[in-house]
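In my numbering, the protein residues as written are 312 to 772. By construction, the Cβ of each residue, glycine as well, lies at the ideal position given by its N, Cα and C atoms. A short write-up of the structure that comes next.
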């Protein structure tokens, strides 16, 4: 018997310590529900589990992204549905106006409703938003390049954009000053030759306030064709090939219209030169203020009226009258992140359905001939919106399938991560009971070992 070393007691103590450690680990797993609570529990398993967790959380966010994308295309489709309804109504009115049982006064009333329809289509296409993002007036082609639309308005500093002659031009002759209904184009943004060349092929037109005549200014890069300058709807082509800035453009326009340079037309005491073209022989006149061009009606009694009128008179638009619409399809490109990893995305292209893109800026039903032409014009617009809705509908179906797939991947990846990291509660309960019992047994054995050491005292009595 020895008292210097209690070897059996130490052995029992070590076993009890190990059992206690195993029991503590078991309680940690049971209380947390996970098999891996620290890296030491399973270093490799922890690394695999964290990698899966990254995927799971990314997939969960991707699901929300896809749902947002579905909501976005639903908003776009709903707006285009309203545009299509308006186009159908406009076409219905156009068919009505084509019938010669209608008088010119009847057609004026029809024109008034058509004008309001076009305005509302313009409003819907420009106001429809999702999370403040405009959806239906995208400016990108299929190559992802930005394309300017809307005529010269993309390049000039300012242009009358209300559709009517709502600005004011004032002229003073001695002590007498009169105001005139006018449109304004501020060319001050045009400061280089490259800026000037951006206007090539673009232009504006102004409709007379008392008739249906339209007066157009068109910019060309050399060889202006002025064969239509004295037509019923005059088109004045202005050569910009040698111009360098906005003031030069203004002067070139005025010189071409009046047939000579440095004309200062006085609307109070008219002094129209004999060289004047048809563009300014009517009630349309031009004036300059540096980089600003005024296109005004020289009858002061028309100032302050509500232009344009319900039958389409007094219109000002940044497009050459009768000109064709955009030659290429335009879109809004949106990239939706549909997966948890880089480059797992889907690009959707929402078609532009503005009145410029639909080529319905001017829909005239004021005569039988114009109404007949407008039917074809509106048919093309209806087809364009129908194709746009088909594209958007296909995207919605695709996104719904993408969502289903991402949901499936998320579900099964979560299950795999659970098998790797979650604790088997039944198994851990058995292990805990085992080590708790071993601890109790070891505690009893240690107590008996300590008591046995007391027998040494009997030898010393």
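The shortest CA-to-CA distance from residue 541 to any of 329, 524, 690 is the one to 524. The three-state secondary structure of residue 611, taken from DSSP, is helix. Boundaries of the alpha helix (DSSP H) harbouring residue 371: 354 to 409, taken from the DSSP string.
Residue pairing for residue 518: DSSP places it in a beta bridge opposite 525.
Annotated three-state conformation of residue 549 is strand, per DSSP.
Measuring C-alpha to C-alpha distances from residue 732 to each of 321, 749, 360, 639 identifies 360 as the nearest. Distance between residue 587 and residue 481, taken at the CA atoms: about 21 Å. In this structure, residue 422 keeps its C-beta atom at 8 Å or more from the C-beta atom of residue 559. Of all alpha-carbon atoms in 692, 595, 373, 403, the one lying nearest the alpha-carbon of residue 577 is that of 595. Residue 748 counts as exposed, since fewer than 16 other C-beta atoms from the protein chains shown sit within 10 angstroms of its C-beta. Close CB contacts of residue 672 within its chain, under the 7 Å cut and outside five residues either way in sequence, are with 628, 630, 666 (chain order). A straight line joining the alpha-carbon of residue 618 with that of residue 606 spans about 14 Å.
In this chain, residue 673 is not harboured by any beta strand (DSSP E), its DSSP state being neither H nor E. Judged by pairs of C-beta atoms under 8 Å, the region 651 to 670 touches the region 426 to 433, as three or more such pairs exist. The beta carbons of residue 374 and residue 717 sit about 5 Å from each other, so the pair counts as a contact at 8 Å.
Beta-bridge pairing by DSSP links residue 596 to 607.
If you draw a 10 Å sphere on the C-beta of residue 409, you find 16 or more other C-beta atoms in it, and that means buried. Beta-bridge pairing by DSSP links residue 713 to no other residue. Comparing alpha-carbon positions, the option among 329, 453, 415, 325 lying closest to residue 644 turns out to be 453. Distance between residue 721 and residue 345, taken at the CA atoms: about 20 Å.
Beyond the five residues adjoining it in sequence on each side, residue 656 comes within less than 8 Å, by CB distance, of 646, 647, 648, 649, 650 in the same chain, given in chain order. Membership of residue 491 in the beta strand (DSSP E) is indicated by the continuous run 487 to 497. Exposed is the label assigned to residue 504, since fewer than 16 other Cβ atoms lie within 10 Å of its Cβ.
With contacts defined by Cβ atoms closer than 8 Å, residue 710 and residue 381 form a contacting pair. Looking from the CA of residue 397, the closest CA among 424, 528, 333 belongs to 424. Ranking 600, 486, 736 by CA distance to the CA of residue 496 puts 600 first.
Of the residues assessed, residue 625 falls on the buried side of the cut-off, its CB having 16 or more other CB atoms within 10 angstroms. Under the three-state reduction of DSSP, residue 472 is assigned to coil, being neither helix nor strand. Annotation for residue 668: no alpha helix (DSSP H) segment contains it, and DSSP assigns it neither H nor E. Per the DSSP secondary-structure output, residue 484 pairs in a beta bridge with 487. Secondary structure of residue 628 (DSSP, three-state): strand.
CA-CA distance, residue 580 to residue 610, rounds to 12 Å. If the five residues before and after residue 513 are omitted, its C-beta is found closer than 7 Å to the C-beta atoms of 462, 463, 530, all from its own chain and listed in chain order. Between the alpha carbons of residue 632 and residue 405 lies a distance of about 19 Å.
DSSP places residue 648 in no alpha helix (DSSP H) but in the uninterrupted beta strand (DSSP E) bounded by 642 to 648. Sequence-distant Cβ neighbours of residue 393 in its own chain, meaning closer than 7 Å and more than five residues away, are 435.
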